[in-house]
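Heads up: the structure comes next, in structure tokens.
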Amino acid sequence: MQYQKLLEMYENEAIRLRRELHQIPEEGFNLFKTQAYILNYLRGLGYEPEKVCDTGVVLYIRGDDENNTIAFRADMDALCIVEKAGYDYSSKHIGKMHACGHDGHMTMNLLLAKYLLDHPDEKKRSVLLIFQPAEEGPGGAKPMIAAGILKKYAVKAIFGYHLFPFVKEGILSTKAGAMMAENSEFYITVHGVSGHAAKPHIALDAIVASASLITCIQSIISRNSDPMESAVISIGLLNGGTRVNVIAEEVKLGGTIRSFSKENHSMIHRRLAEIVKGMELAYGCTIELEFVDMYPPVINNSELYKIFLELCEPSECEKIKKIMLSEDFAFFQKEIPGLFIGLGTGNPGKGFDHDLHKAEFNFDEKVLLKGLETSLKFIKYSNKY
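According to the UniProt record's numbering, the sequence shown holds residues 1 to 385 in order.
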């Protein structure tokens with residue numbers, strides 16, 4: 001079935017929904033305005049959505065087969081970023097921004113709910129729409145799963161989308177197997193002894209120790225990780241010192257670890273701990289190290305990927321390379337077969353070439369209709385899985 005002309009009828013609705021959601025970004029589980037917006041919209045259509053995990057939402061749409069449900073997950077949260085673009089629909093919550101496209105993900109799920117209401121003959125299979133909080137952290141997928149939504153509605157497969165500005169606008173990009181990385185965070189506090197900058201010999205300089213520590217950490221990938229294994233360590237936090245003429249007593253730093261191999265991930269943890277111990281001996285400081293395991297790797301089901309290739313036009317999809325971004329959609333995939341799909345938004349001619357998590361990120365809402373079309377194909381061809 002060709003949906004193109006039919007879906008054009010939903011273009012204005014896509015623009016309105018996305019831009020209204022874009023103006024009310026919220027973080028983590030504190031999504032009360034966002035949740036209220038989703039609930040009001042769905043109730044306005046005549047549905048009876050449910051609240052889950054305080055600020056999450058699920059909507060069950062019964063199809064011809066009640067015991068054979070597929071789910072579509074959309075994340076809801078935004079980031080602590082000051083938006084730079086001066087649009088009339090820019091964030092009204094200063095310091096917060098939908099800089100990762102989650103407003104677009106929610107819009108696609110809302111459009112799907114409206115489309116299935118308008119076209120009940122297309123409900124070949126029962127559908128569960130999942131609106132999940134806290135993807136950016138601390139992670140909302142696990143609590144949603146623990147709430148029992150997958151078992152309650154007999155979900156057999158789950159699909160998720162992510163807007164990708166590094167993929168050409170309108171192109172669907174995914175692959176079988178490992179697609180996105182496992183990630184952990186680490187936090188380090190270096191404790192030294194303060195003193196006058198003119199007398200460094202009677203102090204323990206936490207900044208000098210931290211500088212050596214950072215340099216050594218960077219050697220883990222280049223000298224301990226197999227060159228054929230993809231891995232990244234990035235330090236994004238560094239705070240220390242009070243005055244230019246005072247030896248710093250304490251420095252705090254933090255970073256992220258990304259990899260695809262459990263063995264490689266464990267090796268990085270081990271080497272980081274060993275380097276910390278070495279720095280303690282070398283500089284006489286006391287160093288605290290804390291690891292916070294975040295999300296497992298996104299591993300796409302091979303059978304669902306084959307179905308994706310059958311349903312989508314070759315000119316509209318591409319096989320993506322593994323990327324070091326991470327996603328808690330991976331927790332759903334540990335429970336049931338799942339497929340995560342990148343939806344390209346990149347278009348330099350329109351100025352839509354800014355990467356995720358940047359204050360200038362934006363996209364053309366028309367691309368959301370491609371996500372809606374793909375979801376409808378998965379629902380229509382329900383006999384394939």
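In this text, a Cβ means the ideal position worked out from N, Cα and C, and glycines have one as well.
Task: Residues near M1 by beta carbon distance below 6 Å, same chain, minus five either side - done: Residue 1 sits at position 1 when you count from the first residue of the sequence shown. For M1, the predicted structure reports a pLDDT of 46, less than 50, and the residue's modelled location is therefore unreliable. A value from the coordinates is still provided. So no residue of the chain qualifies.
Task: Nonlocal neighbours in the same chain, by C-beta distance under 8 Å from N301, ignoring five residues either side - done: For the purposes of this step, residue 301 is taken as residue 301 along the sequence shown, with counting starting at 1. Here the set comprises A157, A176, Q333, P337, G338, L339.
- [ ] State yes or no: is the C-beta of L343 within less than 8 Å of the C-beta of L163?
- [x] The sequence position of residue 343 within the sequence shown is 343, counting from 1. The sequence position of residue 163 within the sequence shown is 163, counting from 1. Their beta carbons are under 8 Å apart, which means L343 touches L163 by this criterion.
Open item on the list: Using only CA atoms, which one of Y89, D64, C317, P296 lies nearest to A141?
Closed with: Here residue 141 corresponds to residue number 141 of the sequence shown, with the count starting at 1. Considering only alpha carbons, the answer is P296.
Open item on the list: Give me the residue from I202, S210, A178 with the minimum Cα distance to T189.
Closed with: The residue you call residue 189 lines up with position 189 of the sequence shown. Closest by alpha carbon: S210.
Task: Runs of beta strand (DSSP E) lying entirely within the segment 110-193, each at least 3 residues, in chain order - done: 127-132, 155-168, 172-174, 177-180, 182-191
Task: Stretch-stretch touch, CB-based, cutoff 8 Å, three pairs: the segment 82-92 with the segment 29-46 - done: no
Open item on the list: Using only the alpha-carbon positions, how far apart do I221 and I233 sit?
Closed with: Taking the first residue of the sequence shown as 1, we reach residue 221 at position 221. Taking the first residue of the sequence shown as 1, we reach residue 233 at position 233. Each residue's Cα considered, the two are about 7 Å apart.
Open item on the list: Between H102 and D77, how many whole angstroms is the CB-CB distance? I'm expecting something under 8 Å.
Closed with: Taking the first residue of the sequence shown as position 1, residue 102 is located at position 102. Taking the first residue of the sequence shown as position 1, residue 77 is located at position 77. At roughly 6 Å, the Cβ-Cβ gap stays under 8 Å, so H102 and D77 are in contact.
Open item on the list: Below 8 Å on the Cβ atoms is my contact criterion, and I expect I38 with V127 to pass it. Report the Cβ-Cβ distance as a whole number of Å.
Closed with: Here residue 38 is taken as the residue at index 38 of the sequence shown, counted from 1. Here residue 127 is taken as the residue at index 127 of the sequence shown, counted from 1. Actually they are not in contact, since the Cβ atoms of I38 and V127 sit about 16 Å apart, beyond 8 Å.
- [ ] Could you name the residues of the same chain whose beta carbon sits closer than 7 Å to that of G63, not counting the 5 residues immediately before and after it, in chain order?
- [x] Working through the sequence shown from its first residue, we reach residue 63 at position 63. Contacts found: K123, K124, R125, S126, V127.
- [ ] Grab the span of the beta strand (DSSP E) containing I235 for me, first residue to last.
- [x] The residue you call residue 235 lines up with position 235 of the sequence shown. Unbroken beta strand (DSSP E) run through I235: 231-240.
Task: Closer than 7 Å: M97 CB and nearest the ligand ZN heavy atom - done: As presented, the structure is devoid of all ligands, the ligand ZN included, so that no description of it is given.
Task: Distance, F329 Cα to E335 Cα - done: As a working note, residue 335 is residue 335 in the sequence shown. As a working note, residue 329 is residue 329 in the sequence shown. Each residue's Cα considered, the two are about 11 Å apart.
Task: Boundaries of the beta strand (DSSP E) in which V82 is found, first to last residue - done: The residue given as residue 82 occupies position 82 in the sequence shown. Unbroken run through V82: none, as it is neither H nor E.
Open item on the list: DSSP has I70 in a bridge; who is on the other side?
Closed with: Reading the sequence shown from its first residue, position 70 is the one you call residue 70. In DSSP, I70 forms a bridge with V127, A157.
TODO: Rank G284, G278, D355 by C-alpha distance to the C-alpha of C216 and give the top, closest one.
DONE: Residue 216 sits at position 216 when you count from the first residue of the sequence shown. Comparing Cα positions, the closest option is G278.
- [ ] Assign G104 to buried or exposed, taking buried as 16 or more other Cβ atoms, counted over all protein chains shown, within 10 Å of its Cβ.
- [x] As a first step, residue 104 must be located in the sequence shown, where it is residue number 104. Counting Cβ neighbours within 10 Å, G104 comes out buried, since at least 16 surround it.
Open item on the list: Quick check on P348: buried or exposed, where buried means 16 or more other Cβ atoms within 10 Å of its Cβ?
Closed with: Start at 1 with the first residue of the sequence shown, and residue 348 comes out as number 348. That one is exposed.
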